[in-house]
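Engineer:
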Amino acid sequence: MGAGASQIAQGAPQPGEGGRGGRVARLSLSTVATSSKFEADPWYALKNEEVLERIKGEEWQLLCVEAVEEFKESLSKVDKNSVALTVQAEDIDIDEAYLQEMVFHAKLLGPGGQIMGLSLTNNELTTASALDVPNQIRQLNLGGNPFIGVPSLLGCKLLVDLNLSYIEGLMTTTHGAPFAHLQALLRLDLTCTGLSRLFSEDEATPVLGGLDMLQELSLAENELVDTEEVGK
Numbered sequence: 002m003g004a005g006a007s008q009i010a011q012g013a014p015q016p017g018e019g020g021r022g023g024r025v026a027r028l029s030l031s032t033v034a035t036s037s038k039f040e041a042d043p044w045y046a047l048k049n050e051e052v053l054e055r056i057k058g059e060e061w062q063l064l065c066v067e068a069v070e071e072f073k074e075s076l077s078k079v080d081k082n083s084v085a086l087t088v089q090a091e092d093i094d095i096d097e098a099y100l101q102e103m104v105f106h107a108k109l110l111g112p113g114g115q116i117m118g119l120s121l122t123n124n125e126l127t128t129a130s131a132l133d134v135p136n137q138i139r140q141l142n143l144g145g146n147p148f149i150g151v152p153s154l155l156g157c158k159l160l161v162d163l164n165l166s167y168i169e170g171l172m173t174t175t176h177g178a179p180f181a182h183l184q185a186l187l188r189l190d191l192t193c194t195g196l197s198r199l200f201s202e203d204e205a206t207p208v209l210g211g212l213d214m215l216q217e218l219s220l221a222e223n224e225l226v227d228t229e230e231v232g233k
């Protein structure tokens, strides 16, 4: 996996930390023992709460790649029969086209090598349509990207942990309940996203509608004007 590539990461940097100048990708390969009966989803037997606890454990091997072009080569080193992946690729100017390529190459891993976690903070993503294709992702961090509106994430039905923090103006033009289809979601971070209301102006549609399983929510650094409605 390359000299000095194997080490234990104690958590991902927050959006805004580090710079783009070095164009260094941090690709974390989280080794999780699986069985062939798990087929295409190494974590299929885990309850959502167990998945979240595994995510919170923040224990994985860290593989540093000097350029985004090395992503495919990095995947070639993964044990295709026994590994679930947590991939971090931050501050390296990833755009929608490259995200499509990442998803394509990850699928070539086959059963047991699906991406369970993906962190793409502080890149150049304005959309994420590559994630509208059905996938096994449980943890997704898109913080610090210049998204134009809330990404649809239609293929992320198994998602339990979503971070959209520090995306300026993300929630300012939001209508309806944009996360309603993510019914497995247990943790959501909307820190500093321009959120001003938890309900539509007619107080009929909650922005967080459909998230009945949600356990942890961060709304820090937003200026909410209807917080009194939360308890109703």
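The numbering of the sequence shown is the working numbering, which starts it at 2 and goes up by one.
Glycine included, each C-beta is placed from N, C-alpha and C at the ideal position.
How long is the line joining the alpha carbons of Asp94 and Leu126, rounded to whole angstroms?
Structural biologist: Computed Cα separation, rounded: 8 Å.
Engineer: Report the option in His182, Glu217 and Val226 whose CA atom is closest to the CA atom of Glu54.
Structural biologist: It is Glu217 whose Cα lies nearest to the Cα of Glu54.
Engineer: Considering only C-alpha positions, which residue in the set Ala185, Gly144 and Leu121 is nearest to Leu159?
Structural biologist: Comparing Cα-Cα distances from Leu159 to each of Ala185, Gly144 and Leu121, the minimum goes to Ala185.
Engineer: Only counting the same chain, and skipping five residues up and downstream in sequence, which positions put a Cβ closer than 6 Å to that of Asp213?
Structural biologist: Excluding residues within five positions, none has a Cβ falling inside 6 Å.
Engineer: With DSSP as the reference, label Ile116 as helix, strand or coil.
Structural biologist: Correct three-state label for Ile116: strand.
Engineer: What residues are listed by DSSP as bridge partners for Asn164?
Structural biologist: Bridge partners of Asn164: Asn142 and Asp190.
Engineer: Consult DSSP for Glu224 and reduce its assignment to one of helix, strand or coil.
Structural biologist: Coil at Glu224, not helix or strand.
Engineer: In the DSSP output, which residue or residues are listed as bridge partners for Phe200?
Structural biologist: Pro207.
Engineer: Excluding the five sequence neighbours on either side, which residues of its own chain have a C-beta within less than 6 Å of the C-beta of Asn223, listed in chain order?
Structural biologist: Here the set comprises Leu196.
Engineer: Look at Phe72 and Ala46 and say whether their C-beta atoms are less than 9 Å apart.
Structural biologist: No, the Cβ-Cβ distance between Phe72 and Ala46 is not below 9 Å.
Engineer: What did DSSP end up calling Leu121 once you bin it into helix, strand or coil?
Structural biologist: Leu121 falls in the coil class under three-state DSSP.
Engineer: Below 8 Å CB to CB, which residues in the same chain sit around Gly150 once its five sequence neighbours on both sides are set aside?
Structural biologist: If we look at Gly150 and ignore the five residues flanking it on each side, its Cβ neighbours are Leu171, Thr174 and Thr175.
Engineer: For Leu76, report the span of its alpha helix (DSSP H) as first-last.
Structural biologist: Residues Phe72 to Leu76.
Engineer: Can you tell me the Cβ-Cβ gap for Ile56 and Asp190, rounded? I've got them flagged as a contact below 8 Å.
Structural biologist: Ile56 to Asp190, Cβ: 13 Å. No contact.
Engineer: What number of angstroms, rounded off, separates the C-alpha of Leu183 from the C-alpha of Ala221?
Structural biologist: Looking at the two C-alpha atoms, the distance is approximately 21 Å.
Engineer: So, under 8 Å CB-CB, Glu97 and Ser120 are touching, yes? Tell me the CB distance rounded to an integer number of Å.
Structural biologist: Contact flag wrong, Cβ pair sits at about 17 Å.
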